[in-house]
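Enquirer: Shown below is the structure under consideration.
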Ligand code: AMP
Ligand code: MG
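The structure is reproduced here in structure tokens:
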């Protein structure tokens with residue numbers, strides 16, 4: 014299987030879909046943001062995961078590289094991360110060339126939903142400090158992610174699979190994702 018990269022904009026439900034798809038399979042689930050935040054906390058530069066995209070670009074890039082090195086040593090994993098991260102300076106590639114080549118995934122999964130659905134999910138998630146994007150901004154972010162995912166694929170020869178996670182259709186999303194894990 015190798016490394017399967019799972020992406021999707023905040024609030025789309027990528028973690029839920031992929032955890033369910035991997036149920037009963039002997040696959041380790043790794044969250045890139047968690048590795049990054051652990052390193053950032055050790056360095057004393059961040060308090061919580063939603064503070065990370067506000068760090069300087071240099072800090073975020075350095076955390077990406079350190080985290081990618083850790084992931085590259087882990088073998089077969091599902092890696093939960095982002096195609097792009099929305100920073101105050103614009104979209105930052107979550108897997109720039111020097112990161113994606115280290116990770117060298119077999120497949121990249123993009124979990125998507127309608128902007129309206131994502132907007133409502135974010136509004137109803139009190140556990141996170143999500144950004145208050147409009148539906149138009151959510152749409153734009155998903156478009157950007159599709160194109161950058163294909164660029165990552167071109168650099169590594171991985172496939173890209175789009176999985177739709179519409180409201181009340183989790184089972185359907187899981188069915189779309191399972192073949193990628195085989
Ligand atoms: P998540 O829990 O998936 O939303 O990840 C938490 C945070 O980790 C994100 O908001 C980003 O700041 C950071 N993060 C996760 N993956 C990446 C990545 N590939 N590149 C840069 N930052 C990332
Ligand atoms: Mg998540």
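Residue numbers (this note's numbering): 14 to 195.
Idealized CB from N, CA, C, for every residue including glycine.
Touch check for the segment 75-87 and the segment 23-40: three-plus C-beta pairs under 8 Å?
Expert: no
Enquirer: Pairing CB atoms from the segment 170-185 with CB atoms from the segment 122-130, are three or more of them under 8 Å?
Expert: yes
Enquirer: Helix, strand or coil for residue 103? Go by DSSP, reduced to three states.
Expert: Taking the chain shown and counting its residues from 1, one reaches residue 103 at position 90. Here residue 103 sits in strand by DSSP.
Enquirer: So what does DSSP say about residue 69, is it helix, strand or coil?
Expert: Counting from one through the chain shown, the residue named residue 69 turns up at place 56. Coil, per DSSP.
Enquirer: What are the boundary residues of the alpha helix (DSSP H) that includes residue 47?
Expert: Counted from its first residue, the chain shown places residue 47 at position 34. Counting along the chain, the alpha helix (DSSP H) containing residue 47 begins and ends at 45-55.
Enquirer: Do residue 119 and residue 171 have their beta-carbon atoms positioned less than 8 Å apart in this structure?
Expert: The residue given as residue 171 occupies position 158 in the chain shown. The residue given as residue 119 occupies position 106 in the chain shown. Yes; because the gap between Cβ atoms is below 8 Å, this pair is in contact.
Enquirer: Extract the residue ranges of the alpha helix (DSSP H) inside the segment 139-190, only unbroken runs of 4 or more that lie entirely within it.
Expert: 148-169, 183-190
Enquirer: Please tell me whether, using a cut-off of 7 Å, the distance from the CB of residue 28 to the nearest non-hydrogen atom of ligand 2 is below it.
Expert: The residue you call residue 28 lines up with position 15 of the chain shown. Yes, since a heavy atom of ligand 2 falls inside the 7 Å radius drawn around the Cβ of residue 28.
Enquirer: Just checking residue 88 against ligand 4 - is the residue's beta carbon closer than 7 Å to any of the ligand's heavy atoms?
Expert: By its list of ligands, the structure shown excludes ligand 4, since it contains just ligand 1 and ligand 2.
Enquirer: Taking only three categories from DSSP, how would you classify residue 193?
Expert: What you label residue 193 is simply residue 180 of the chain shown in a count that begins at 1. Helix, per DSSP.
Enquirer: Assuming residue 36 is part of the beta strand (DSSP E), what are its boundary residues?
Expert: Within the chain shown, numbered from 1, the residue matching residue 36 stands at position 23. Element bounds for residue 36: n/a, residue is neither H nor E.
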